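Going left to right, the sequence shown walks through residues 0 to 95 as numbering that gives the first Met the number 0 numbers them. All C-beta atoms, glycine included, are put in the ideal place defined by N, C-alpha and C. Since this is a predicted model, take the numbers as computed values, not measurements.
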Amino acid sequence: MSLRLLRACKQPLLAVRHTLATSCVVRGAYEHLPIHEEWAASAKKAMKGKDPNKLIWRTPEDILIKPIYTPLDRACDRDKPTEASNMFLTDLSCFS
0 MSLRLLRACK
10 QPLLAVRHTL
20 ATSCVVRGAY
30 EHLPIHEEWA
40 ASAKKAMKGK
50 DPNKLIWRTP
60 EDILIKPIYT
70 PLDRACDRDK
80 PTEASNMFLT
90 DLSCFS
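Written out as C-alpha coordinates, the structure is:
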(Lines of atoms letter the chains of each structure in order from A and count residues from 1; the text may use other names and numbers.)
(Lines give C-alpha, C1' and ligand atoms only; values in the text may rest on other atoms or scores of the structure.)
Protein backbone atom coordinates (compact mmCIF):
# COMPACT_ATOMS: atom_id res chain seq x y z
CA MET A 1 0.00 0.00 0.00
CA SER A 2 2.78 2.47 0.82
CA LEU A 3 4.35 1.91 -2.61
CA ARG A 4 1.02 2.80 -4.22
CA LEU A 5 0.85 5.99 -2.14
CA LEU A 6 4.40 6.94 -3.12
CA ARG A 7 3.62 6.45 -6.81
CA ALA A 8 0.42 8.48 -6.50
CA CYS A 9 2.28 11.38 -4.90
CA LYS A 10 2.57 14.27 -7.36
CA GLN A 11 5.12 16.24 -5.32
CA PRO A 12 8.81 15.29 -5.22
CA LEU A 13 9.69 13.33 -2.09
CA LEU A 14 12.13 16.00 -0.98
CA ALA A 15 9.31 18.56 -0.91
CA VAL A 16 7.14 16.19 1.13
CA ARG A 17 9.99 15.55 3.55
CA HIS A 18 10.61 19.29 3.95
CA THR A 19 6.91 19.92 4.56
CA LEU A 20 6.76 17.24 7.23
CA ALA A 21 9.94 18.46 8.90
CA THR A 22 8.88 22.11 9.01
CA SER A 23 5.22 21.65 9.87
CA CYS A 24 5.89 20.23 13.32
CA VAL A 25 3.94 22.18 15.92
CA VAL A 26 6.47 21.65 18.71
CA ARG A 27 9.89 23.07 17.99
CA GLY A 28 12.96 22.49 20.10
CA ALA A 29 13.59 25.07 22.77
CA TYR A 30 17.34 24.83 22.39
CA GLU A 31 19.37 27.92 21.84
CA HIS A 32 22.41 27.74 19.58
CA LEU A 33 25.49 28.60 21.60
CA PRO A 34 28.74 29.74 20.00
CA ILE A 35 31.81 27.52 19.99
CA HIS A 36 33.74 27.54 23.28
CA GLU A 37 36.24 30.43 23.08
CA GLU A 38 39.22 28.50 24.47
CA TRP A 39 38.67 25.63 22.05
CA ALA A 40 38.11 28.05 19.16
CA ALA A 41 41.47 29.71 19.84
CA SER A 42 43.36 26.41 19.84
CA ALA A 43 41.44 25.19 16.77
CA LYS A 44 42.26 28.40 14.91
CA LYS A 45 45.93 27.91 15.74
CA ALA A 46 45.83 24.26 14.62
CA MET A 47 44.04 25.21 11.39
CA LYS A 48 46.64 27.90 10.61
CA GLY A 49 44.34 30.89 11.10
CA LYS A 50 41.17 29.54 9.49
CA ASP A 51 37.84 30.32 11.15
CA PRO A 52 36.72 27.44 13.44
CA ASN A 53 33.08 28.51 12.95
CA LYS A 54 33.36 27.10 9.42
CA LEU A 55 33.40 23.64 11.06
CA ILE A 56 29.75 24.03 12.10
CA TRP A 57 27.48 22.27 9.64
CA ARG A 58 23.72 22.01 9.20
CA THR A 59 21.77 18.77 8.85
CA PRO A 60 18.88 18.40 6.36
CA GLU A 61 16.57 18.83 9.37
CA ASP A 62 18.13 22.28 9.96
CA ILE A 63 20.05 21.26 13.09
CA LEU A 64 23.40 22.93 13.65
CA ILE A 65 26.18 20.48 14.50
CA LYS A 66 29.24 21.88 16.24
CA PRO A 67 32.63 20.14 16.11
CA ILE A 68 32.81 19.91 19.91
CA TYR A 69 30.27 20.09 22.74
CA THR A 70 30.89 21.08 26.36
CA PRO A 71 28.71 20.82 29.49
CA LEU A 72 27.67 24.45 28.87
CA ASP A 73 25.86 23.29 25.73
CA ARG A 74 23.65 21.06 27.87
CA ALA A 75 22.99 23.58 30.65
CA CYS A 76 19.40 24.01 29.43
CA ASP A 77 18.74 20.31 30.20
CA ARG A 78 19.77 20.35 33.86
CA ASP A 79 16.25 20.58 35.29
CA LYS A 80 14.57 18.32 32.75
CA PRO A 81 13.88 14.71 33.67
CA THR A 82 15.82 12.11 31.76
CA GLU A 83 14.73 8.67 30.69
CA ALA A 84 16.87 7.11 33.41
CA SER A 85 15.39 9.21 36.21
CA ASN A 86 13.31 6.49 37.90
CA MET A 87 11.25 5.74 34.82
CA PHE A 88 12.61 2.25 34.19
CA LEU A 89 14.57 1.59 37.37
CA THR A 90 13.68 -1.49 39.35
CA ASP A 91 14.98 -3.08 42.52
CA LEU A 92 18.39 -4.44 41.58
CA SER A 93 19.34 -5.57 45.09
CA CYS A 94 19.11 -9.22 44.02
CA PHE A 95 22.21 -8.68 41.84
CA SER A 96 24.37 -7.40 44.71
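Boundaries of the alpha helix (DSSP H) around Ala40: 36 to 45.
Thr69 places its beta carbon 8 angstroms or farther from that of His31. At a Cβ-Cβ threshold of 8 angstroms, Ile55 and Ile64 count as neighbours. Pro33 sits exposed, since fewer than 16 C-beta atoms from the chains shown fall within 10 Å of its C-beta.
Apart from the 5 residues on each side of it in sequence, Lys79 has no Cβ closer than 6 angstroms to any other Cβ in its chain.
For Pro51 and Arg77, the gap between their C-alpha atoms comes out near 27 angstroms. Rounded to whole angstroms, the separation of the alpha carbons of Asp61 and Asp72 is 18 angstroms.
If you ignore the 5 residues before and after Lys49, its C-beta comes within less than 8 angstroms of the C-beta of Lys43, all in its own chain and listed in chain order. Here the alpha carbon of Trp38 sits roughly 14 angstroms from the alpha carbon of Lys47.
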